[in-house]
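Protein chains in written order, with the numbering used here: chain A, 909 to 1464; chain B, -12 to 88.
Written below as structure tokens is the structure these notes are about.
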């Protein structure tokens, strides 16, 4: 993976030094909260419901074992022994104390990490396909481009005061696992007629209160033009984007109000101005970065042990069936470690679990680790012969849950258990859904299903693109949960459709059960997934199941 | 047009620790909601909020939260404020753990 240059190191250290003094000045009263707030947000420090929260960037979801151990150390030393992985491939610490934050940032800098630009109206952490560099369907590893974008966007003088925050996602595969169509800029690698790799550029996607699917402004952008083109998009947005209304400030509104054709023309015109100015330095830098992402030295060894175990051990087989993904090297597999044990908080890992994952990555995973936007941890390169041993070690630590892609593999934002913006809780809803369906033993019968839960309209839990989306709201002082169906976060992205009136906290799990029992009744065969069935039959049968039964009397 | 004033408490987060506190009648910051001063008068509420907001080295983000009288003192009326008296529901962290004794 990429290692900091002297420039990166110097920049991060100087920011730690600056923020250390800013905290001192806040604590001695030289800075007011109004003055301090933007400074702490620039460094990822929020004040939440019960405590401060520090959001640490994990660029494009790639983290080394050494970094993972340091996150564990931070959790033990200055927090409560755990961390929360988020839908933007970041990690959040929920209990830091203000005077300790400079020491935490310094400990992060020791392992080439930081919390810069994890908040504020700037280009945020660039997210990427969590299977990057390993997936069988990949055209090229998107991480060198993501790292190039990170370097370019960090402290970029023109883009530190954008109208609103700006999120970029990139995938090197035609199958989109990075939800690129729901980002301010989505980059999806494709090949042109000549077979050369490039990007489809999508602009103006986003969830939140005005969910929109990004529009394609360029079908094929040669890879060499990536940086000038992205800069052109940002430049046009910086000029046109609305600063008068926070709720209309995202680029999706700019695209909508300007129109696809007009904004495409403006981007292309700006691109024509910018492109000659780059002079090839970005390409030199990209070539250097690319070396840092060279694939590991894959082992060539028999996989008989894996095949034998797969046949013999049903527990291992269940895990292998859900938690493994095809690797481009047939002897290898991509392992998803589920952070969704039934009843646990989605995305949380204890410091012990983090250390174990780091050890296992070194032993069996070529020292490579990823965080997925679905709040799981990935070992992208594991030789199949090591899988039985790996699975045993994971299981001992409570990390062997075989549920990836199933009902209990739920995305949930922190919700009103932590977040100051939340209007309702999301974590306990996720916990209860997982334990309820585990008790019913229905999860495997239901099959592939993505449930995504947000505790407010800002949609950090991606509920709009969940096959089943749940949005927690405050309705007249009571928690109320609105359901959407049919959302999809892949290359066929769709915003889910509202079912109708929401459900009370105690009614939401039974409501989801009614939807899923209706699905089991109406599917043509077990292989027809919930999403396929929904596309075939539409909303009506599910509405009936939700609202026509006696159980639904108190739905309001 | 003006709505009837409902009783309030002044609440904020401590600057250093970030935890939730309530303004008492004798100008202390308490971790307990029931020790807060229950304010029944709008003008007095504004004065108390000003007083709280001026304590820049102690607290952050002071505001007035709805409350009602209870057996041991003021109680929250909204679920958000109830959660703030306790801590998160997924772990025994925050006030529910810190103030258990």
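Note that CB positions come from ideal geometry on N, CA and C, so glycine has one too.
These figures come from a predicted structure and were not determined experimentally.
Run of the beta strand (DSSP E) containing residue 960/A, from where it starts to where it stops: 960 to 964
Residue range of the beta strand (DSSP E) that includes residue 1431/A: Residue 1431/A -> no beta strand (DSSP E), and no H or E assigned at all.
Segment limits, beta strand (DSSP E) that includes residue -5/B: -5 to 1
Under 8 Å by beta carbon: chain A residues contacting residue 4/B: 959, 1005 and 1006
Interface residues of the region 982 to 1002 of chain A facing chain B [CB-CB below 9 Å]: 988, 990 and 1002
Assigned secondary structure, residue 957/A (DSSP; H/G/I helix, E/B strand, else coil): coil
Straight-line gap, residue 1448/A to residue 1405/A (C-alpha atoms, nearest Å): 11 Å
Residue 1342/A versus residue 1283/A: straight-line alpha-carbon distance, rounded: 15 Å
Residues from the region 1314 to 1332 of chain A in contact with chain B, defined by Cβ distance under 7 Å: 1324, 1325 and 1326
Beta-carbon proximity list for residue 1056/A, same chain, < 8 Å, skipping 5 on both sides: 1134, 1135, 1190, 1193, 1194 and 1197
Identity of the residue in 1143/A, 1146/A, 1104/A and 1117/A nearest residue 1129/A by Cα: 1104/A
Own chain residues within Cβ distance below 6 Å of residue 971/A, not counting five before or after: 1277
Chain-ordered chain A contacts of residue 19/B [CB-CB under 8 Å]: Chain A residues near residue 19/B: none, gap ~14 Å exceeds 8 Å.
Strand pairing of residue 868/A, partner residues [DSSP]: Outside the shown range of chain A (909 to 1464) lies residue 868/A, about which nothing can therefore be said.
Residue interval of the beta strand (DSSP E) (run including residue 1072/A): Note, residue 1072/A: premise wrong, no beta strand (DSSP E); not H, not E.
Residue from 1330/A, 1274/A and 930/A with nearest C-alpha to residue 1206/A: 1274/A
Local conformation of residue 1005/A per DSSP, three classes: coil
Whole-angstrom distance between residue 1116/A and residue 1009/A, CA atom to CA atom: 30 Å
Where the beta strand (DSSP E) through residue 1240/A begins and ends: 1240 to 1245
Where residue 1429/A falls, given that 16 or more other Cβ within 10 Å makes a residue buried: exposed
Host beta strand (DSSP E) of residue 1350/A (start-end): Note, residue 1350/A: premise wrong, no beta strand (DSSP E); not H, not E.
Pairwise C-alpha distance: residue 1026/A and residue 1062/A: 11 Å
Residue 1323/A in three-state terms, based on DSSP: helix
Reduced DSSP category for residue 1362/A - H, G, I as helix; E, B as strand; rest coil: strand
Distance between beta carbons of residue 1296/A and residue 1224/A, contact taken as under 8 Å: 6 Å
Residue burial classification, residue 1362/A (beta-carbon count within 10 angstroms, cutoff 16): buried
Residue -9/B at chain A interface by Cβ criterion, 8 Å: no
Burial state of residue 1401/A, where buried means 16 or more other Cβ atoms lie within 10 Å: buried
Residues within the region 911 to 940 of chain A neighbouring chain B, beta-carbon criterion of under 9 Å: 934, 935, 936, 937 and 940
Coarse secondary structure for residue 1042/A, derived from DSSP in three states: coil
Whether residue 44/B touches residue 2/B by CB criterion (8 Å): yes
Range covered by the beta strand (DSSP E) that runs through residue 1278/A: 1277 to 1279
Boundaries of the alpha helix (DSSP H) in which residue 78/B is found, first to last residue: No alpha helix (DSSP H) holds residue 78/B; DSSP gives it neither H nor E.
Sequence-distant residues of its chain with Cβ nearer than 7 Å to residue 1464/A (five each side left out): Reliability fails at residue 1464/A, whose pLDDT of 43 lies under 50, so the model's placement of it is uncertain and the value that follows must be treated cautiously. Taken in chain order, the residues that qualify are 1409.
Nearest-angstrom Cα separation, counted from residue 1355/A out to residue 1271/A: 32 Å
Span separating the alpha-carbon of residue 1460/A from that of residue 1324/A: Note on residue 1460/A: pLDDT 48, under 50, position unreliable in the model; the coordinate value appears next. Cα to Cα, residue 1460/A sits roughly 25 Å from residue 1324/A.
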